[in-house]
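Participant: Below you'll find the structure I mean.
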Amino acid sequence: MPAEEGTQIVVKLDDILHERRMTLTELADRVGLTLANLSILKTGKAKAIRFSTLEAICRELECQPGDLLAYGKPGV
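Note that numbering that gives the first Met the number 0 has the sequence shown beginning at 0, numbered continuously upward.
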């Protein structure tokens, strides 16, 4: 079944950071990633994510992968 046009994986990192009152810089320090790499993920420009990275982010934000990632149209 083909994907609906304009549908993609959406990264909801901004929303979760806001809920946790945490900055991207603070998260980068906690998970050991560069701010640049985390920013690429946050803006949806990343082409892939390692499970170990996803695990570290979920651990620090106390969330599930499904809280960070959604499948749909951006901005919806």
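Think of the CB as a built atom: it goes at the ideal place given N, C-alpha and C, for glycine as much as any other residue. This structure is a prediction, so every number in the text was calculated from the model and none was measured.
Does Leu32 come out as helix, strand or coil in the three-state DSSP assignment?
Facilitator: One-based indexing of the sequence shown puts residue 32 at position 33. It is coil, neither helix nor strand.
Participant: To which residues of the same chain is Lys11 closer than 8 angstroms at the C-beta, ignoring the five residues directly before and after it?
Facilitator: For the purposes of this step, residue 11 is taken as the residue at position 12 of the sequence shown. The residues are Asp66, Leu67, Leu68 and Ala69.
Participant: Grab the span of the beta strand (DSSP E) containing Ala69 for me, first residue to last.
Facilitator: Walking along the sequence shown from the start, residue 69 turns up at place 70. Note, Ala69: beta strand (DSSP E), Leu68 to Gly71.
Participant: On a Cα-Cα basis, can you pick out the residue from Pro73, Lys72 and Glu61 that is closest to Glu18?
Facilitator: Counting from 1 along the sequence shown, the entry for residue 18 is found at position 19. Checked all of Pro73, Lys72 and Glu61; the closest Cα to Glu18 is Glu61.
Participant: Should Ile56 be labelled buried (16 or more other beta-carbon atoms within 10 Å of its own) or exposed?
Facilitator: Within the sequence shown, the letter at position 57 stands for residue 56. When all chains shown are included, Ile56 counts as buried.
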